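Numbering (the working numbering), first residue to last: 439 to 528. Everything on this sheet refers to the single structure shown next.
Dropping the structure here:
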């Protein structure tokens, strides 16, 4: 139990607020935290929307082509296909 909830329940125990007022306070405390998850999701989607796959995939494929040994040719071909599908040239 966090400090805000504990403080509200102590106010009810001392008789300073009614149970109805405490319920409204508890809902207000909970609403503030629940809004953070949708906000974080929106920020993440906005950041991912900025990625340009037509530029990123060819660069990744070119890097992989330079780093992969000849024994991993099938992975290299798969990256080349993905690069081709997104309009890049390897």
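Note that CB positions come from ideal geometry on N, CA and C, so glycine has one too. Quick caveat: nothing in here was measured; it's all calculated off a predicted structure.
Compute the distance between the beta-carbons of residue 502 and residue 519, then report whether it is under 7 Å.
-> Taking the first residue of the chain shown as 1, we reach residue 502 at position 64. Taking the first residue of the chain shown as 1, we reach residue 519 at position 81. No, Cβ-Cβ distance for residue 502 and residue 519 is not below 7 Å.
Selection from 504, 493, 511 that minimises the alpha carbon distance to residue 521 = Locating residue 521 in the chain shown gives position 83, counting from the first residue. Comparing Cα positions, the closest option is 493.
Can you have a look at residue 446 and say buried or exposed, based on whether 16 or more other CB atoms are within 10 angstroms of its CB?
-> For this step, residue 446 is matched to residue 8 along the chain shown. Buried, since its Cβ has 16 or more Cβ neighbours within 10 Å.
Please look up how many angstroms separate the CB atoms of residue 464 and residue 443, rounded, as I've assumed it's under 8 Å.
-> Looking up residue 464 in the chain shown gives position 26. Looking up residue 443 in the chain shown gives position 5. So it is a contact: roughly 6 Å between Cβ atoms.
Below 7 Å between beta carbons: does that hold for residue 450 and residue 457?
-> Along the chain shown, one-based indexing puts residue 450 at 12. Along the chain shown, one-based indexing puts residue 457 at 19. Contact flag set, yes.
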